[in-house]
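Residue numbers (this note's numbering): 32 to 136.
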């Protein structure tokens, strides 16, 4: 463990036998036991919207898309499960009309 002596010197020292802590994970939001090969990690869907502070996730913190989509592209998933950007076919799409009662905009 990293220690600081009374003289202010920082150095590594062996962890005394029988000392240390026990970490517990609920195996729902956090999985693993902290050992090599089963390290702690956030489970899929382990972080929900209510656990993210307002304005904590910004555009700059999101990895850039590679490749970057061009104008008029859509995100698709192939039959092999590969996700990628593809051009929107010319003339594709439909015009949808809202009744302005149950759906507005």
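Backbone N, C-alpha and C fix where the C-beta goes; we use that ideal spot for every residue, glycine too.
Remember, it's a predicted structure, so these values are computed and weren't measured experimentally.
Does DSSP classify residue 56 as helix, strand or coil?
Here residue 56 refers to the residue found at position 25 of the chain shown. Here residue 56 carries a coil assignment [DSSP, helix/strand/coil].
Going by Cα to Cα distance, which pick from 32, 85, 74 is closest to residue 52?
Position 21 of the chain shown, counted from the start, is the residue given in the question as residue 52. Considering only alpha carbons, the answer is 32.
Starting from residue 42 and walking both ways along the beta strand (DSSP E), at which residues does that stretch end?
Start at 1 with the first residue of the chain shown, and residue 42 comes out as number 11. Unbroken beta strand (DSSP E) run through residue 42: 41-43.
Less than 7 Å between C-beta atoms, sequence neighbours within five positions excluded: which residues of the same chain meet that for residue 41?
Reading the chain shown from its first residue, position 10 is the one you call residue 41. Cβ neighbours of residue 41 beyond the five flanking positions: 33, 35.
Give the range of the beta strand (DSSP E) segment to which residue 106 is assigned.
Taking the first residue of the chain shown as position 1, residue 106 is located at position 75. Where residue 106 is concerned, the enclosing beta strand (DSSP E) stretches over 104-108.
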